[in-house]
Amino acid sequence: SIYPQIFELLDFVYCKYFCNRKWAVVCPQVDCSTYLSGAKSGEAIAACPFILRELCGTDGVTYSNDCALCAHNMEYGTQVAKKHDGRCIEEAAQLNCSRFPRSTLKDGRELMACTMIYDPVCGTDGVTYASECTLCAHNMEHRTNLGKRKNGRCEEDITRELCKDYKEASPICPMDYTPHCGSDGKTYSNRCAFCNAYVYVWQPNLSLHDPFLPLL
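Numbering follows UniProt numbering, with no gaps: position 123 of the sequence shown is 123.
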């Protein structure tokens, strides 16, 4: 019957779009008994299905699917539960500009002395800055109050670099499968398919949802 699969899909969508937004919805926890039917007591799960349905564990680790989390618990004797569906989201520390040295010019202007160390952060304006200090210097110079969205480069910059060779849509894309997850919730089969959507369909807000996916 197709009904169990439909209910499973509805349950997944319900949890993904309500629980992950920190609303008052309790998502179902992982039922490891499903994967232990063929394993002896105390024996690790031999193999998990190759299905990418990522979830974030209460230990802050992203697991590829429910089975992978259960296998981890069985192998290491832990009791990691599901925190939410999808990859774990790093919570970036608040921007603290007071720790960077400042100097005052004769005309009264203040400057922030930043080192040349490249340790990029993503600002709340969607721009990648070379370091936290550089972001603070930008705020001081332009009298803005930008915060830090996350550590590392912004997805927008990664996407522009990924698709810089695609000035127009490619009429033919290769058949290789190197999935790229878009911020629109769609999975594109490879770089060519993703960049076609970015360039031809003209989605200026489309970006790679996961910067760790292949950039081939």
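For glycine and all other residues, C-beta sits at the position ideal for the given N, C-alpha and C.
Could you say which of Cys56, Ala113, Asp107, Leu105 lies nearest to Arg99 if we only look at CA atoms?
Here residue 99 corresponds to residue number 99 of the sequence shown, with the count starting at 1. Of the listed residues, the one whose Cα sits closest to Arg99 is Ala113.
Quick check: the segment 104-122 against the segment 149-165, are at least 3 beta-carbon pairs closer than 8 Å?
Touching, yes.
If you drop the 5 nearest sequence neighbours on each side, which residues of the same chain put their C-beta closer than 7 Å to that of Pro174?
Here residue 174 refers to the residue found at position 174 when the sequence shown is read from its first residue. Correct list, in chain order: Asn190, Cys192.
Would you kindly work out how many angstroms separate the C-alpha atoms of Tyr166 and Ile172, rounded to a whole number?
By one-based count along the sequence shown, residue 166 stands at place 166. By one-based count along the sequence shown, residue 172 stands at place 172. Their Cα atoms are separated by approximately 12 Å.
In this structure, how does DSSP classify Ser33 when only helix, strand and coil are distinguished?
The count along the sequence shown starts at 1 and reaches residue 33 at position 33. Three-state DSSP puts Ser33 in a helix.
So is Thr115 buried or exposed if we call it buried at 16+ other beta carbons inside 10 Å?
Against the sequence shown, residue 115 aligns to sequence position 115. So Thr115 ends up on the exposed side.
Under a Cβ-count criterion, where at least 16 other Cβ atoms within 10 Å of its own Cβ denotes burial, should His180 be classed as buried or exposed?
Counting from 1 along the sequence shown, the entry for residue 180 is found at position 180. Its Cβ being crowded by 16 or more others within 10 Å, His180 is buried.
Please confirm whether Leu69 and Tyr76 have their CB atoms less than 9 Å apart.
Along the sequence shown, read from residue 1 onward, the residue named residue 69 stands at position 69. Along the sequence shown, read from residue 1 onward, the residue named residue 76 stands at position 76. Result no, Cβ atoms of Leu69 and Tyr76 do not sit closer than 9 Å.
Taking all protein chains shown into account, do 16 or more other C-beta atoms lie within 10 angstroms of the C-beta of Tyr118, making it buried, or fewer, making it exposed?
The sequence position of residue 118 within the sequence shown is 118, counting from 1. With fewer than 16 Cβ atoms within 10 Å of its Cβ, Tyr118 is classed as exposed.
Beta-carbon within less than 6 Å of residue 217's beta-carbon, same chain only, minus the 5 sequence neighbours each way: which residues are those?
Nothing about residue 217 can be read from this structure; the chain reaches only from 1 to 216.
Under a Cβ-count criterion, where at least 16 other Cβ atoms within 10 Å of its own Cβ denotes burial, should Gly57 be classed as buried or exposed?
Indexing the sequence shown from 1 puts residue 57 at position 57. Buried, because 16 or more other Cβ atoms sit within 10 Å of the Cβ of Gly57.
Is there a C-beta anywhere in chain C that falls below 9 Å from the one on Asp157?
Going by chain labels, chain C is absent from the structure shown, which holds only one protein chain.
Could you tell me which of Arg149, Leu55, Phe194 sits nearest to Tyr129, measuring between CA atoms?
Here residue 129 is taken as the residue at index 129 of the sequence shown, counted from 1. Looking at the Cα atoms, Arg149 is the closest of the given residues.
Can you find the residues in the same chain that come closer than 7 Å, C-beta to C-beta, to Gly60, ignoring five residues on each side of it along the sequence?
Here residue 60 refers to the residue found at position 60 of the sequence shown. So the list reads Cys88, once near-sequence residues are dropped.
Taking C-beta to C-beta, are Asn96 and Glu141 nearer than 9 Å?
The residue given as residue 96 occupies position 96 in the sequence shown. The residue given as residue 141 occupies position 141 in the sequence shown. No, they are not a contact pair.
Where does Tyr188 fall in DSSP's three states?
Translated into positions along the sequence shown, residue 188 becomes position 188. The answer is strand: DSSP assigns Tyr188 an E or B state.
Per DSSP, which residues does Arg53 bridge with? Please list them.
Working through the sequence shown from its first residue, we reach residue 53 at position 53. None; Arg53 has no bridge partner.
Taking only three categories from DSSP, how would you classify Tyr198?
By one-based count along the sequence shown, residue 198 stands at place 198. Helix.
Grouping DSSP H, G and I as helix and E and B as strand, with all else coil, what is Leu95?
Position 95 of the sequence shown, counted from the start, is the residue given in the question as residue 95. Coil at Leu95, not helix or strand.
Measure from the alpha carbon of Asp85 to the alpha carbon of each residue in Leu55, Lys106, Tyr198, Ala71, then state which is nearest.
As a first step, residue 85 is located in the sequence shown; it is residue number 85 there, counting from the start. Asp85 has its Cα closest to that of Leu55, out of Leu55, Lys106, Tyr198, Ala71.
Select from Thr178, Arg53, Asn139, Cys163 the residue whose C-alpha is nearest the C-alpha of Lys82.
On the sequence shown, position 82 is the one that residue 82 refers to. It is Arg53.
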